Amino acid sequence: MTTISLSIPESLHTTVLDIVEREGMSLEQFITLAMAEKASAIATEAYLEARAERGSREKFLAAMAKVADVEPPDERDRL
């Protein structure tokens with residue numbers, strides 16, 4: 051485990067203390083969860099950007115051309 055020290059605005063600290071008390075968690079748990087969520091969001095964005103760079107309109111159209119041409123569903127099956 052790594053220990054860090056950080057300075058945050060008093061208003062944010064007060065808000066977070068209210069949240070952790072209401073949620074029944076520790077301040078450390080809240081900060082760890084918040085960091086994990088942010089890291090996951092950034093990693094997901096990077097992953098999707100890399101996937102988008104590999105894609106192309108031609109590949110999309112080729113995949114769509116493989117979809118069977120079928121009659122529309124019965125009206126009772128529509129959402």
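Numbering of the sequence shown is given in our numbering, commencing with residue 51 and proceeding in unit increments.
Quick reminder that beta carbons are idealized off the backbone N, C-alpha and C, glycines included.
Bear in mind the structure is a predicted one, so any value in this text is a computation, not a measurement.
For residue i, which of helix, strand or coil comes out of DSSP?
i      : result
Met51  : coil
Asp124 : coil
Lys109 : helix
Glu129 : According to the sequence displayed, residue 129 carries Leu and not Glu. Coil.
Lys88  : helix
Ser57  : coil
How close, in whole Å, do the beta carbons of residue i and residue j come, if the pair is a contact with beta carbons under 8 Å?
i     : j     : result
Val70 : Leu77 : 5 Å
As a quick exercise: from the options, pick the residue whose alpha carbon is nearest that of residue i.
i     : options             : result
Thr52 : Val66, Thr82, Met75 : Thr82
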